[in-house]
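K.L.:
Below you'll find the structure I mean.
Residue numbers (this note's numbering): 5 to 240.
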């Protein structure tokens, strides 16, 4: 692949802008300064720098963001900033999109990718990819609340009852709840239907992928591939 095409595919501007970055000596490829935009390079396992910042070459990118409260998972937010503003410009230019959505006040694990097929694989209802949430309830919950969530609760405008795949007690007001569907405000509505109210909500796992303890709120990290998410769900 030509070096100009590498930068263009990774979101570093128009083809003309990418040629300029290279010609001005602002780009290295695999540690070597390159000034020829038309230089042929091997992208397999490659990395490059632009203005001293290192980037891996990714034909399709997949990242994990520790989402803060007060951000919308939308390119055109209505009431809060978009989560896209938390990413560097090249990520936004190349068309990264959230994998599903978290409410503005919901925090935690958010995946973003520019791979449409992967987006579909991770969000289609028939795939049944599990998502685990740390739920802080307004009031202490009872065993009946847990039983109801596991058995299934009826929500307004839903034809069938929705149930949690798993509920794990953390303390008297906190529980971990795993669901495999993604209805609008589903966790909050299920808890309300079970007689309580969600005071805080954090997604802590998506498939087999768990939110890293050492990833600060508002920061993101590269993921090597879908295997870290679906290693136990390859048949689905």
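Don't be surprised by glycine CBs; every beta carbon is placed ideally from N, CA and C.
Anyone know if the C-beta pair for residue 198 and residue 234 falls short of 8 Å?
P.N.:
For this step, residue 198 is matched to residue 194 along the chain shown. For this step, residue 234 is matched to residue 230 along the chain shown. No. Outside cutoff.
K.L.:
What residues in its chain sit with their C-beta under 6 Å from that of residue 239, if we drop five residues either side in the sequence?
P.N.:
The residue labelled residue 239 in the question sits at position 235 within the chain shown. For residue 239, the predicted structure reports a pLDDT of 39, less than 50, and the residue's modelled location is therefore unreliable. A value from the coordinates is still provided. Once the five neighbours on either side are set aside, residue 239 has no close Cβ partner at all.
K.L.:
Do you know offhand how far residue 93's Cα is from residue 53's?
P.N.:
Taking the chain shown and counting its residues from 1, the one referred to as residue 93 is at position 89. Taking the chain shown and counting its residues from 1, the one referred to as residue 53 is at position 49. Their backbone Cα atoms lie some 15 Å apart in a straight line.
K.L.:
Shorter than 7 Å, the distance from the beta carbon of residue 181 to the closest heavy atom of the ligand ADP, or not?
P.N.:
Questions concerning the ligand ADP fall outside what the structure shown contains, since it holds no ligand whatsoever.
K.L.:
Which residue comes first and which comes last in the alpha helix (DSSP H) that contains residue 26?
P.N.:
Indexing the chain shown from 1 puts residue 26 at position 22. From DSSP, the alpha helix (DSSP H) with residue 26 extends over 19-27.
K.L.:
Please report the distance separating the alpha-carbon of residue 13 from that of residue 176.
P.N.:
Against the chain shown, residue 13 aligns to sequence position 9. Against the chain shown, residue 176 aligns to sequence position 172. Each residue's Cα considered, the two are about 50 Å apart.
K.L.:
DSSP three-state call for residue 180: helix, strand or coil?
P.N.:
As a first step, residue 180 is located in the chain shown; it is residue number 176 there, counting from the start. DSSP places residue 180 in strand when its eight states are reduced to three.
K.L.:
Measure the C-alpha to C-alpha separation of residue 26 and residue 41 and round it to an integer number of angstroms.
P.N.:
Mapped onto the chain shown, residue 26 falls at position 22. Mapped onto the chain shown, residue 41 falls at position 37. If you take the alpha carbons of residue 26 and residue 41, they lie about 6 Å apart.
K.L.:
Here's a check: name, in chain order, each residue in its chain whose Cβ is nearer than 6 Å to the Cβ of residue 215, leaving out the five neighbours to either side.
P.N.:
The residue given as residue 215 occupies position 211 in the chain shown. These residues qualify, in order along the chain: 112, 113, 208.
K.L.:
My assumption, with CB atoms under 8 Å, is that residue 137 sits in contact with residue 103. Please give the rounded CB distance.
P.N.:
Stepping through the chain shown from its first residue, residue 137 is reached at position 133. Stepping through the chain shown from its first residue, residue 103 is reached at position 99. Between residue 103 and residue 137 the Cβ distance is about 15 Å, and since that is not below 8 Å, they are no contact.
K.L.:
Sort 98, 134, 109 by Cα distance to residue 119 and report the nearest one.
P.N.:
Reading the chain shown from its first residue, position 115 is the one you call residue 119. The shortest C-alpha separation from residue 119 is found at 98.
K.L.:
Report the option in 16, 230, 89 whose CA atom is closest to the CA atom of residue 125.
P.N.:
Residue 125 sits at position 121 when you count from the first residue of the chain shown. The candidate whose alpha carbon is nearest that of residue 125 is 230.
K.L.:
Just verifying my parser: in three-state terms, what is the DSSP assignment at residue 51?
P.N.:
Start at 1 with the first residue of the chain shown, and residue 51 comes out as number 47. Strand at residue 51.
K.L.:
How big is the Cα-Cα spacing for residue 181 and residue 162?
P.N.:
Within the chain shown, the letter at position 177 stands for residue 181. Within the chain shown, the letter at position 158 stands for residue 162. In this structure, the straight-line span from the alpha carbon of residue 181 to that of residue 162 is close to 20 Å.
K.L.:
Would you tell me roughly how many angstroms separate the C-alpha atoms of residue 57 and residue 88, rounded to the nearest one?
P.N.:
Position 53 of the chain shown, counted from the first residue, corresponds to residue 57. Position 84 of the chain shown, counted from the first residue, corresponds to residue 88. Their backbone Cα atoms lie some 20 Å apart in a straight line.
K.L.:
May I ask you to report which of helix, strand or coil DSSP gives residue 13?
P.N.:
Translated into the one-based positions of the chain shown, residue 13 becomes position 9. Helix.
K.L.:
Taking the alpha carbon of residue 95 as the reference point, which residue from 210, 17, 7, 211 has its own alpha carbon closest?
P.N.:
In the chain shown, counting from the first residue as 1, residue 95 sits at position 91. Closest by alpha carbon: 17.
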